[in-house]
Structure formats: structure tokens, C-alpha cells
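Notes follow once the structure below has been shown.
Numbering (this note's numbering), first residue to last: 27 to 194.
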């Protein structure tokens, strides 16, 4: 809920996450996969809760459901006033272009985005989560998801999800 200034009305605001490259439960385009250019896709959001000081985004594979999710991309220290995360981040801990953020390690132990891949004839599912954090986190670049998850515990104001799939 968000205060509107009128004591009789409170505006309900829902945090939303989307991509201009694909919609909810749609296929990740090939150029954002290992079968293409393996470049990070763009994301946009709105409806951040009051008090948001920083954002973080996690792109993870959730197939098969019997295993821990596979981290494809962890990006954090996204400024709270940013309206989107553009495409094209390089494999650097602290990329300056297309914007200055920090990147964590993916499931392969490398820094930055590692696009979808998989066995031919099988559909893989992905969950992308955007976290609104209540303060600017003093974190090092290159963190793995488990370390990052512990660091943000108790600091998540809200989160939004987007789901996608990929079939080879």
C-alpha cells in the first residue's frame, strides 16, 4: 500500500518486472541464450515500494524441480532510481557499461550472465526475480547467490517475478 495524501484513500501498488525481449512464460529469444550471442536480456520494472534504496536481480533455471535452482545471472547494487536494466552486460565484476552495477557468480562459477542452454528436445523453465532492498548494501562484487541471499535477509521490502522458458 502507498500513502496518497488523502486519509480516506490508500493506493495499492504492486511491484512489477518485465522484459521487452519476452513476456510472462514466453520463450527466451535465441540471441539471449548460449545458442545465440549469450548476451544479457533487458528488464524493466515499476511499482517499487517506498523506502527502496537498492535493487538486485536474479535469473535462475528452475528445471528440473528436484535440483537447486541454477544461477544464470546475479546482478546487484542497481540504483533505486533506475527504471530498467539494459541488455548487453559484459562478464565483469563491476561493469561500467551499459550501467554501473555489481555482478555475482553464476552456476558455472563465472562472473556475469550465463544464458539458457540444455538438452535438445527438452523445455527448461526460468524464474527472474527483482528484489527491492531497504538500504544500500555494502557488498563486494562477485558474490555467489547463497552469500548474497544471506546478506539481504531481512532487507527485502518486496520482490517481483517473471517466468520464461527455453527449448532447444
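Glycine included, every Cβ here is placed at the ideal spot set by N, Cα and C.
Checklist line | Cα-Cα separation, residue 121 to residue 167 | finding: If you number the chain shown from 1, residue 121 lands on position 95. If you number the chain shown from 1, residue 167 lands on position 141. Rounded to whole angstroms, residue 121 to residue 167 spans 10 Å at the Cα level.
Notebook entry, point to check: Which residues mark the beginning and the end of the beta strand (DSSP E) in which residue 183 is found?
Noted result: Position 157 of the chain shown, counted from the start, is the residue given in the question as residue 183. Start and end: 182-193.
Check: With which residues is residue 158 paired in a DSSP beta bridge?
Finding: As a position in the chain shown, residue 158 is number 132, starting the count at 1. DSSP output for residue 158 lists 81, 184 as bridge partner(s).
Check: Helix, strand or coil: how does DSSP classify residue 52 here?
Finding: Counted from its first residue, the chain shown places residue 52 at position 26. DSSP places residue 52 in strand when its eight states are reduced to three.
Check: Based on the DSSP output, what are the partners of residue 87 in its beta bridges?
Finding: Position 61 of the chain shown holds residue 87. Bridge partners of residue 87: 96, 152.
Item checked: Alpha carbon of residue 109 to alpha carbon of residue 72, nearest angstrom -> Counting from one through the chain shown, the residue named residue 109 turns up at place 83. Counting from one through the chain shown, the residue named residue 72 turns up at place 46. In this model, residue 109 and residue 72 are separated by some 7 Å (Cα to Cα).
Next item on the list: Using 10 angstroms around the beta-carbon of residue 86, count the other beta-carbons present and answer buried if the total reaches 16, otherwise exposed.
Entry: Here residue 86 refers to the residue found at position 60 of the chain shown. So residue 86 counts as buried.
Next item on the list: List the DSSP bridge partners of residue 71.
Entry: Numbered from 1 along the chain shown, position 45 holds the residue referred to as residue 71. Bridge partners of residue 71: 43.
Check: What number of angstroms, rounded off, separates the C-alpha of residue 135 from the C-alpha of residue 142?
Finding: For this step, residue 135 is matched to residue 109 along the chain shown. For this step, residue 142 is matched to residue 116 along the chain shown. If you take the alpha carbons of residue 135 and residue 142, they lie about 15 Å apart.
Margin query: Measuring straight from C-alpha to C-alpha, what distance separates residue 67 and residue 43?
Written below: Start at 1 with the first residue of the chain shown, and residue 67 comes out as number 41. Start at 1 with the first residue of the chain shown, and residue 43 comes out as number 17. Answer to the nearest angstrom: the Cα atoms are 13 Å apart.
Next item on the list: Just the C-alpha distance for residue 22 and residue 186, rounded to the nearest angstrom, thanks.
Entry: Because residue 22 is not part of the residues shown, which for the chain are 27 to 194, the question remains open.
Next item on the list: Hey, could you find the ends of the alpha helix (DSSP H) residue 172 is sitting in?
Entry: In the chain shown, the residue the question calls residue 172 occupies position 146. Annotation: the continuous alpha helix (DSSP H) that includes residue 172 extends over 171-178.
Check: So, using beta-carbon positions, are residue 140 and residue 171 closer together than 8 Å?
Finding: Here the question's residue 140 lines up with position 114 in the chain shown. Here the question's residue 171 lines up with position 145 in the chain shown. Not in contact: residue 140 and residue 171 (Cβ atoms no closer than 8 Å).
Check: Would you say residue 101 and residue 95 are within 8 Å of each other, going by their C-beta atoms?
Finding: Position 75 of the chain shown, counted from the start, is the residue given in the question as residue 101. Position 69 of the chain shown, counted from the start, is the residue given in the question as residue 95. Result no, Cβ atoms of residue 101 and residue 95 do not sit closer than 8 Å.
Next item on the list: Under the assumption that residue 158 contacts residue 182 (Cβ atoms under 8 Å), give the Cβ distance between them as a whole number of angstroms.
Entry: Here residue 158 refers to the residue found at position 132 when the chain shown is read from its first residue. Here residue 182 refers to the residue found at position 156 when the chain shown is read from its first residue. Yes, they are in contact, since the Cβ atoms of residue 158 and residue 182 sit about 7 Å apart, within 8 Å.
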